[in-house]
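Here is the structure we will look at.
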Amino acid sequence: MSISCADFEYICQLVRVRTGIVLAKDKMYLVESRLAPVASAANVDSLRKLVQILRQERFSSLHEFVVEAMVTTETSFFRDDYPFQALHKLMLPELFRVRQSEGKLNLWCAACSSGQEPYSIAILLREHFSQLTNSTVQLIATDISTSMLARARAGRYNQHEITRGLPSALLQKYFLPQGKDWQIKENIRQMVEFRQLNLAESWSPMPQMDIIFLRNVLIYFDIETKQTILGKVKRVLHPEGYLFLGGGETTINLDTDFEPVKFDKAVCYRLRSS
Ligand SMILES: C[S@@+](CC[C@H](N)C(=O)[O-])C[C@H]1O[C@@H](n2cnc3c(N)ncnc32)[C@H](O)[C@@H]1O
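Read in order, the letters of the sequence shown correspond to residues 3 to 276 in our numbering.
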């Protein structure tokens, strides 16, 4: 299904207003391929008709389907590995030592997609810090996408998803087979509190965070939106806390209040002490 320039512009504007995501001009093919199934599900035989319906209505579930179809939700267990090694070997032991008297440790996966990232952290906590209870750690995971949050809450993954990044020993220990899929065990599922949060809009109250994973999402925003989001991250991040971004993302040239810190092969960001 092909899309006209005017309809492409409409979709770009819709996606940008709802999510902050900027679709580059050369992404017409992406819009065509991702919206074809939405058009079929809506029983229309062209993207022209789909956009015509969208233009006629106020924001509806069809607009939401379109926006969700345009969001990239690529993720995997223990993605890029190094941040998880740094968490395990350096940050969590240090933070638990410092926080021992203060009680809770707060971790936040912003843009958690279908849940592999927060569940990787939950498994890591259970695996290496077994003395911890759910009352000493709060692990919040958020995303804009209703469908991704539903998948994340369910904690059920197919064979392809489960083999991406998850060592088989951890699969055997923390998942149960369910038909052709794998279900994360209840004790891990319960460690993560999923909430809907649009990073590009105002944020509902969050506890002060010791660790923030904000990975592989800033790349989709323009500079101004990235700076606004980092400004809000600064207010939520504990002065001694750590921010992880995706491999292709950085705070450099966006916000000088953050400084990169290298731990082995992982790079994360801390607030400069004033
Ligand atoms: C590429 S995935 C990254 C998932 C995970 N953080 C990782 O690195 O594997 C990007 C996620 O960002 C979410 N997202 C996009 N725009 C968002 C926004 N404005 N607010 C919150 N989440 C957003 C998408 O729904 C998607 O799940």
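A virtual CB, placed ideally from N, CA and C, is assigned to each residue, including glycine.
For the candidate residues the options, whose alpha-carbon lies nearest to that of residue i?
i      : options                        : result
Ile125 : Thr148, Thr75, Pro209, Glu188  : Glu188
His130 : Met93, Gln185, Asp266          : Met93
Asp83  : Val194, Thr227, Pro169         : Pro169
Leu199 : Leu216, Asp212, Met193, Asp259 : Leu216
Arg191 : Lys51, Glu203, Arg50, Leu127   : Leu127
Gly22  : Phe10, Pro95, Ile146           : Ile146
Leu32  : Val46, Phe10, Leu16, Arg18     : Phe10
Val194 : Phe260, Leu151, Val100, Leu201 : Leu151
Phe98  : Arg60, Ser116, Val139          : Val139
His90  : Ile213, Tyr271, Arg60, Glu163  : Ile213
Thr165 : Thr77, Glu66, Asp224           : Thr77
Ser62  : Tyr271, Met30, Ala44           : Ala44
Leu134 : His162, Arg155, Gln102, Ala171 : Gln102
His65  : Thr148, Cys7, Val100           : Thr148
Ile225 : Pro207, Leu245, Ala202         : Ala202
Asp28  : Ala38, Gln58, Cys7, Glu59      : Cys7
Ala156 : Ser116, Ser137, Gln58          : Ser116
Lys106 : Glu96, Pro95, Ser137, Gln58    : Ser137
Excluding five sequence neighbours on each side, which residues of the same chain lie with their C-beta closer than 7 Å to the C-beta of residue i?
i      : result
Ser122 : Phe79, Phe80, Phe86
Gln229 : Leu256, Asp257
Arg20  : Val69
Ile304 : No answer is possible for residue 304: the residues shown for the chain start at 3 and end at 276.
Arg197 : Ile142, Thr144
Cys14  : Leu25
Val17  : Ile23, Leu25, Val69, Met72
Asp259 : Lys236, Leu273, Arg274
Ser206 : Leu199
So, at 6 Å on beta carbons, what are the nonlocal neighbours of residue i in its own chain, with the 5 sequence-adjacent residues on each side left out?
i      : result
Asn160 : Asp183
Tyr176 : Ile125, Lys187, Ile190
Gln185 : Arg158, Leu178
Phe265 : Ala88, Leu92
Tyr271 : Leu245, Thr253, Phe260, Pro262
Consider the C-beta atom of residue i and the heavy atoms of ligand 1; say whether any pair is separated by less than 7 Å.
i      : result
Met208 : no
Ser147 : yes
Tyr176 : no
Ile23  : yes
Thr138 : no
Arg166 : no
Met211 : no
Val219 : yes
Met93  : no
Ala202 : yes
Leu199 : yes
Ser115 : yes
Glu119 : yes
Val73  : yes
Thr77  : yes
Tyr222 : yes
Gly249 : no
Met30  : no
For residue i, which residues from the same chain have a beta carbon less than 8 Å from its beta carbon, with the 5 sequence-adjacent residues on both sides left out?
i      : result
Gln210 : Asn108, Val238, Leu239, His240, Gly243
Ser48  : Met3, Ala41
Glu34  : Met3, Ser4, Ile5, Leu49
Asp173 : Note on identity: in this sequence residue 173 is Leu, with Asp being the wrong assignment. Same-chain partners within the cutoff: Ile164, Trp184.
Glu59  : His65
Thr75  : Ser115, Ser116, Ser147, Met150
I believe residue i touches residue j by the beta-carbon criterion, under 8 Å. Please report the beta-carbon distance rounded to the nearest angstrom.
i      : j      : result
Leu2   : Thr253 : Outside the displayed range of the chain (3 to 276) lies residue 2, so it cannot be described from this structure.
Gln180 : Arg158 : 7 Å
Ala113 : Val235 : That belief does not hold up - the Cβ atoms of Ala113 and Val235 are roughly 12 Å apart, past 8 Å.
Glu111 : Glu119 : For the record, residue 111 in the displayed sequence is Cys; it is not Glu. Contact holds; Cβ gap of about 5 Å.
Val46  : Leu52  : 5 Å
Please determine whether the Cβ atom of residue i lies at a distance below 7 Å from any heavy atom of ligand 2.
i     : result
Arg81 : Among the ligands modelled here, namely ligand 1, ligand 2 does not occur.
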